[in-house]
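So the protein sequences, as listed, match chains A and B. For the first sequence, this note's numbering begins at 60 and goes up steadily by one. For the second sequence, this note's numbering begins at 808 and goes up steadily by one. Below you'll find the structure, written out as structure tokens, and then a few comments.
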Amino acid sequence: MAKHVNHDTERSSMVSMATPCLHRVGRRLVSTLGVSLALLALVACGGAPASPTGGASAATSSAPAVSATMAATSASSVATAAPAAAGGNTLTYGLGFDVDDTLDPQVTNYDSTIRVTMNICEPLVWEPEPGKYQPALADSWDISPDAKTYTFHLKKGVKFTDGTDFNADAVKFTFDRVMDPATKAGQSHDQLGPYDHTEIVDPYTVKVVMKQGYAPLLSNLNGYLGIVSPSAVKKMGLADFARHPVGTGPFMFKEWVPKDHITLVKNPDYKWGSSMFKHTGPAYLDQIIFKVIPEDSVRTGTLKSGETQYIDQIDPLELQALKADPKFSVIQKGQPGSGWTLLLNQTSKGAMSDPQVRLAMEYAIDKEGVNKAVFQGLNQVAASALMKPTLGYDAATEKMYTYDPEKAKQILDQAGWKVGSDGIREKGGQKLAIDFPIISRPNDKAMAESIQASLRDVGIDFKVNPLERAAARDLIKQNKYDASFMWFSYGDPDVMRTLFASANADAFNRAKYKVPEVDKMLDDAAATTDTAKRTQLYAQIQERVLKDTAVVPLVDTIVYNAKRAEVQGDSIDALASYVWLYDVQIKK
Amino acid sequence: MLIFISRRLVHAIPVFVGISVLTFAMLHLVPGDPVMIFAGDKPMTEERAVMLRHQLGLDRPLYVQYWDYASHALRGDLGVGLRSQRPVVDSIREALPGTLQLTITAMLIAAVVGITLGIIAAIAHGTWIDTAAMSFAMLGISMPVFYSSLLLLLVFSFRLAWFPATGQGGFSRLVLPSIALGLASSAALARLVRSSMLEVLRQEYIVTARAKGLHANTVIVRHAVKNMLIPTVTMLGLQIGGLLGGAVVTETIFSRPGLGRLAVDAISSRDFPLVQGTVLFAAATYVLVNLVVDTLYAAIDPRIHYR
């Protein structure tokens, strides 16, 4: 079900504002330890004569790059070299996360990998805004009303960069390889949903058939289902293709120095760009260098110094400075899907089993406080399990619960939970305690502590238990928890099925919410292309899960990328994750 | 000497076996079923779990698994990365030059700066030079690598734009990370060199050398420095471990490819053959470096004979 990486996955695409204190301390040090700097400079001179021994030197940067068309080139021959100096028509893009050791869009599990491969392997459709689709390799498409059969009319005259013709075979090949166990498909496997088979109607028409109605498919095509060259895959084999991907995109793979950079060059024959772009013909940029720069503050620093021109995820502490400076521009966009939420375990044997306790929690948590304390106020308070940009977001949820600790206290009083001597409520000898195992990560801990303080104010003992990932997962698997964090960026409201369908009660439905009526609504909403009907069903579901206190929405996440002002023509997709660079020009 | 080296190599065998057992056990000691760890958060049918367990060879008895792992490792085969489908050895080979370059340069910086500062401080014992050198050493020891790394970046990359902030290749990209990494080691070394030097300078043979009318420099270089090298070389050998550990931080902050980041990324993508491989490799390196250090003793000090 997961389109995007859910919150347990380390390398999520969300705005991760971890360890800001580190940068703060860094700055204070600069001002107070002038002496140390003088000494550092001294060492810089004293230590300089030590020269690198062997390995890469500047000279090797001119080593012949591994070319995408040189299919037979062995994987280990990837050069260890510095990226070529960023020339006039080169864009250097600072990636916040590394790729996960593969550039095969069907194998990867990381959004960051798709940020690179989307320029090489184009999909059938693009999704610039949630629920709005634009032709990519398909000129047009028809969907059966039950969302079971998708017919795509493909573009003609398109060629893969290895010379292979793009046609219905390539589409079928790509989708079928996702289902082939030998591919060991990553996220793409979930994206295809209940895929059954692909029928080749004629060389430029394919019929993709689902086992059940599956409305999210169009949204899912945008990314992990980029079309690959069948002949390249067959010729190279899996491992080699993962290092030399071949698609039809405006850019071609040139070289990959693992954990350092990936270079793409312009595809000179490209003339089938989507009508949503502003120009036709080959891309303006000659070259894109994706540099992997894991540290937020360093990545932002390279943008300021000009070492990069576009970066993922800025250092939150730099937001105001970047916004104020005309040399830079911040790209800010809310994500669709389900934001940070607390899922409340409906099968809990503890105090949580009292619906009044869960209801009190809806009122007791200071969400703006969480946003300020953990995200420097850069995200947005959530009202629904769906984030605001999602198709079918229900604004009526905003009126359901507000932050009102007095009301929470009143609900608990009425339910018979009396404040004990230690400030924690109790009833019939039972303490009002809630077990909350979390993965021990800076963001998760900070959020949990902020919530803990809110709940403590109304007399609830929120027992935060930071654990190693696998240990936390074990507790959840054994149903030994009362509440769990969840975060799930996704292009379609069908994410609600992942989180609230009975069938997923042992997976991401950590509320263990099982309501047949809701199950039916979720299935119906996924099995129709009628947007009005879907919107209406999802509105009902959003209100219902809140009324049943299965979920406490916390914050909607917002992505903050940044670029230098001379970079023009970029745009970011519906997921606020993938950046189109085809129209980009660098204007001096 | 050859006999000594071969004997030490034989002694290293149980150490290697121990390391291999530990790295092998890592996978089974962490909480949770390895197959579930690999699958991540995706729900998995029991059928698929059984298939995966079989594919990864986890359904065999532990000793068979270990024997398979160890005998392959002996032949230089550390398995295949789960995501990349490439031999782990290839990934390590690819990451190695970066880390070697970084640690060797850092080591040289540590040695040059540390020994020089230590000697100067000892000679100028009690003067302001001594105090300044030791204050620097104190600062270097107490400043974590990620601090000094960010500090260096802020000043020399972002403010002054003297050096690029990221990546690998060429001298300019090596300067900042190796200083950041070498700094802490040089500080520890400076303190050690100073105290050993002070002790040596009090020895009677130094007094004798001076009484012979030898030039002050000759006394220091020919007589004193040679004698304080033993503890210094030991210290340098031990620092290798610290440098390899520090490389994890430095490589991440300076966005350099290398073994440290390979290991960390392998952990977060749950690629356990890759984790085991990098750990095994790092541990083996450490053992070998210390063997080299022991051998160096004999070269430095003629009083030490190995039988």
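No residue lacks a Cβ here, since even glycine has one placed at the ideal position from N, Cα and C.
Below 8 Å on the Cβ atoms is my guess for residue i versus residue j; work out the distance and round it to an integer in Å.
| i | j | result |
| --- | --- | --- |
| LEU634/A | PRO275/A | Going by Cβ atoms, the distance from LEU634/A to PRO275/A rounds to 12 Å, so no, they are not a contact pair. |
| GLY518/A | GLY482/A | 6 Å |
| GLY974/B | ASP319/A | 5 Å |
| GLY652/A | ALA585/A | One cannot answer for residue 652/A here, as it falls past the ends of chain A, which runs 60 to 647. |
| ILE657/A | ALA342/A | It is not possible to answer for residue 657/A, since the shown part of chain A is limited to 60 through 647. |
| LEU909/B | GLY360/A | With a Cβ gap of about 20 Å, LEU909/B and GLY360/A do not count as contacting. |
| SER1002/B | SER364/A | Their Cβ separation, rounded to whole angstroms, is 42 Å, which puts SER1002/B and SER364/A out of contact at 8 Å. |
| ASP551/A | VAL574/A | Actually they do not touch by this definition, with Cβ atoms about 21 Å apart. |
Between residue i and residue j, what straight-line distance do the alpha-carbon atoms span, to the nearest angstrom?
| i | j | result |
| --- | --- | --- |
| ASP565/A | ALA244/A | 22 Å |
| ALA444/A | LYS504/A | 21 Å |
| VAL478/A | ARG417/A | 17 Å |
| PRO1080/B | ILE352/A | 25 Å |
| TYR192/A | VAL887/B | 40 Å |
| PHE234/A | VAL268/A | 11 Å |
| ASP160/A | SER247/A | 16 Å |
| VAL440/A | ASN226/A | 46 Å |
| ALA1090/B | GLY825/B | 10 Å |
| MET653/A | VAL389/A | Nothing can be reported for residue 653/A, as the shown portion of chain A is limited to 60 through 647. |
| HIS82/A | SER356/A | Residue placement at HIS82/A cannot be trusted, given a pLDDT of 33 that sits under 50; what the coordinates show is reported in the next sentence. Rounded to whole angstroms, HIS82/A to SER356/A spans 7 Å at the Cα level. |
| LEU946/B | PRO385/A | 39 Å |
| ILE1111/B | ILE948/B | 32 Å |
| GLY1065/B | LEU957/B | 19 Å |
| ALA928/B | ALA940/B | 6 Å |
| PHE349/A | GLU457/A | 40 Å |
| TRP935/B | SER942/B | 10 Å |
| SER288/A | THR449/A | 32 Å |
| ASN620/A | ASN281/A | 20 Å |
| TRP315/A | GLU181/A | 19 Å |
| MET506/A | VAL429/A | 6 Å |
| GLY976/B | ILE926/B | 34 Å |
| LYS468/A | GLU527/A | 34 Å |
| LEU924/B | ALA997/B | 6 Å |
| ALA77/A | GLY475/A | Residue confidence for ALA77/A is low, a pLDDT of 31 falling below 50, so the modelled location carries little weight and cannot support an answer. |
Report all residues from its chain with a CB closer than 8 Å to the CB of residue i; omit the five preceding and five following residues, and keep chain order.
| i | result |
| --- | --- |
| LEU1098/B | ILE812, ARG815, LEU816 and ALA819 |
| GLN346/A | ALA143, GLY146, ASN148, THR149, LEU150, LYS313, THR322, LEU323, VAL324 and LYS325 |
| ALA103/A | With a pLDDT of only 31 at ALA103/A, under the threshold of 50, the placement of this residue in the model should not be trusted, and no figure is reported. |
Can you list, in chain order, the residues of its chain whose CB lies under 7 Å from that of residue i, leaving out five sequence neighbours each side?
| i | result |
| --- | --- |
| ASP163/A | PHE300, ALA301 and PRO304 |
| THR406/A | ASN538 and LYS571 |
| ILE1037/B | TYR1104, ILE1107 and ASP1108 |
| ALA1031/B | MET1004, VAL1007, LEU1008 and ILE1013 |
| VAL554/A | GLY396, SER397 and PHE547 |
Excluding the five sequence neighbours on either side, which residues of its own chain have a C-beta within less than 6 Å of the C-beta of residue i, listed in chain order?
| i | result |
| --- | --- |
| GLY989/B | ALA913, ILE916 and ALA917 |
| ALA432/A | SER509 |
| ARG358/A | GLY153, ILE352 and ILE370 |
| LEU885/B | VAL895, VAL896 and GLY1084 |
| ASP911/B | At residue 911/B the sequence reads Ile, which differs from the Asp that was named. Closer than 6 Å at the Cβ level, and outside the excluded window around ILE911/B, lies no residue. |
Say whether chain E places a C-beta atom closer than 8 Å to the C-beta of residue i.
| i | result |
| --- | --- |
| ILE1060/B | Here chain E cannot be found, since the structure's protein chains are A and B. |
Quick one: is the Cβ of residue i within less than 7 Å of any heavy atom of the ligand HEM?
| i | result |
| --- | --- |
| THR151/A | In the structure shown, the ligand HEM is absent, as is every other ligand, since no ligand is present at all. |
(request) Could you name the residues of the stretch 333-344 of chain A whose beta carbon sits closer than 8 Å to any beta carbon of chain B, in the order they occur along the chain? (result) The stretch 333-344 of chain A vs chain B, Cβ under 8 Å: nothing.
(request) Go through the stretch 320-385 of chain A residue by residue and report every complete run of the alpha helix (DSSP H) that reaches 4 residues or more, in order. (result) List check, alpha helix (DSSP H) in window: 355-364 and 378-383.
(request) Taking a Cβ distance cut-off of 7 Å, strictly less, list which residues of the stretch 272-302 of chain A are near chain B, in chain order. (result) Cβ contacts with chain B: LEU297, ALA298 and ALA301.
(message) Threshold first: 3 residues or longer. Then list the beta strand (DSSP E) segments lying entirely within the stretch 912-946 of chain B, N to C.
(response) none
(request) Taking only runs that begin and end inside the stretch 1054-1104 of chain B, name each unbroken alpha helix (DSSP H) of 4 or more residues, in chain order. (result) For the stretch 1054-1104 of chain B, whole alpha helix (DSSP H) runs of length 4 or above, ordered along the chain, are 1066-1075.
(request) Jot down the residue ranges of each uninterrupted alpha helix (DSSP H) in the stretch 416-454 of chain A, minimum 4 residues, whole runs only, in chain order. (result) 426-434
(message) Any C-beta of chain B within less than 7 Å: which residues of the stretch 493-514 of chain A qualify?
(response) none
(request) Could I get the ranges of all uninterrupted alpha helix (DSSP H) runs contained in the stretch 172-227 of chain A, with 4 residues as the minimum, in chain order? (result) Within the stretch 172-227 of chain A, no run of alpha helix (DSSP H) at least 4 residues long lies entirely inside it.
(request) Mind checking the stretch 1067-1080 of chain B against chain A and listing, in chain order, the residues whose C-beta falls within less than 8 Å of any C-beta there? (result) Among the residues of the stretch 1067-1080 of chain B, those with a Cβ less than 8 Å away from any Cβ of chain A are ARG1068, LEU1069, ASP1072, SER1075, SER1076 and ASP1078, in the order of the chain.
(message) Tell me which residues of the stretch 809-826 of chain B have at least one Cβ-Cβ distance to chain A shorter than 7 Å, keeping chain order.
(response) Of all residues in the stretch 809-826 of chain B, none comes within less than 7 Å of chain A when Cβ atoms are compared.
(request) Check distances from the C-beta atoms of the stretch 239-265 of chain A to those of chain B and list, in chain order, the residues that come in under 9 Å. (result) PRO240, LYS243, GLY245, HIS248 and ASP249
(message) Beta carbons nearer than 8 Å to chain A: which residues of the stretch 951-975 of chain B have them?
(response) Listed in sequence order: PHE953, TYR954, SER955, LEU957, LEU958, LEU959, LEU960, LEU961, VAL962, PHE963, SER964, PHE965, ALA968, PRO971, ALA972, THR973, GLY974 and GLN975.
(request) Below 9 Å between beta carbons is the criterion; list the residues of the stretch 157-179 of chain A that meet it against any residue of chain B, in chain order. (result) ASP157, ASP159, ASP160, THR161, VAL166, THR167, ASN168 and TYR169
(request) Any chance you could list the alpha helix (DSSP H) runs of at least 4 consecutive residues sitting entirely within the stretch 874-915 of chain B, in chain order? (result) Under the rule that a run must span 4 or more residues, no alpha helix (DSSP H) segment is found entirely inside the stretch 874-915 of chain B.
(message) Using a Cβ-Cβ cutoff of 8 Å, what residues of the stretch 1086-1114 of chain B are near chain A? List them in chain order.
(response) none
(request) Could I get the ranges of all uninterrupted alpha helix (DSSP H) runs contained in the stretch 466-490 of chain A, with 4 residues as the minimum, in chain order? (result) none
(request) Note down, in chain order, all residues in the stretch 527-548 of chain A with a beta-carbon under 7 Å from any beta-carbon belonging to chain B. (result) GLU527, ALA529, ALA530, ARG532 and ASP533
(request) Could you list the residues in the stretch 882-897 of chain B with a C-beta less than 7 Å from some C-beta on chain A, going in chain order? (result) GLY888, ARG890, SER891, GLN892, ARG893 and ASP897
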